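Peer 1: Let me give you the structure first, and then I'll get to my questions.
In the numbering used here, the protein residues as written are 226 to 307.
Here it is, written out as C-alpha cells:
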C-alpha cells in the first residue's frame, strides 16, 4: 500500500478520529491523516466546527439552565399544530 493510501482517510474514519481526539491524544500518524483529510474535506470541517460548538454549549450548560425557558416554551407551543 502506498503512502497516499496510508494518508487518505474515509470521512467515517476522520469523524471517528475527531471524536476520539477530544478524549485521548491521537498518534502522530493519526494526526497527520486527519490533517490531510481536513485539508480536502469541507464536510468533515463543518462536522468539526459543529462538534466544537456543541461541546462549548454543553460546557456552558449551567449558564443556559439559568435562562428562563417559559417564554421560549410558549412560543414553541404556539407554533405547533393542533
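Note that CB positions come from ideal geometry on N, CA and C, so glycine has one too.
What you are looking at is a predicted structure, and each value in this text was computed from that prediction instead of being measured.
Please report how far the alpha carbon of residue 255 lies from the alpha carbon of residue 283, in whole angstroms.
Peer 2: On the chain shown, residue 255 is found 30 positions in, with the first residue counted as 1. On the chain shown, residue 283 is found 58 positions in, with the first residue counted as 1. Taking the straight line joining both Cα atoms gives about 27 angstroms.
Peer 1: What is the rounded straight-line gap between the Cα of residue 259 and the Cα of residue 234?
Peer 2: Stepping through the chain shown from its first residue, residue 259 is reached at position 34. Stepping through the chain shown from its first residue, residue 234 is reached at position 9. Those two C-alpha atoms are separated by around 7 angstroms.
Peer 1: Taking all protein chains shown into account, decide if residue 281 is buried (16 or more other Cβ within 10 angstroms of its Cβ) or exposed.
Peer 2: Here residue 281 is taken as the residue at index 56 of the chain shown, counted from 1. Looking at its Cβ environment, which holds fewer than 16 other Cβ atoms inside 10 Å, residue 281 is exposed.
Peer 1: With DSSP as the reference, label residue 236 as helix, strand or coil.
Peer 2: For the purposes of this step, residue 236 is taken as the residue at position 11 of the chain shown. Looking at residue 236 - three-state DSSP - the assignment turns out to be helix.
Peer 1: Between which two residues does the alpha helix (DSSP H) containing residue 280 stretch?
Peer 2: Within the chain shown, numbered from 1, the residue matching residue 280 stands at position 55. Its alpha helix (DSSP H) spans residues 267 to 284.
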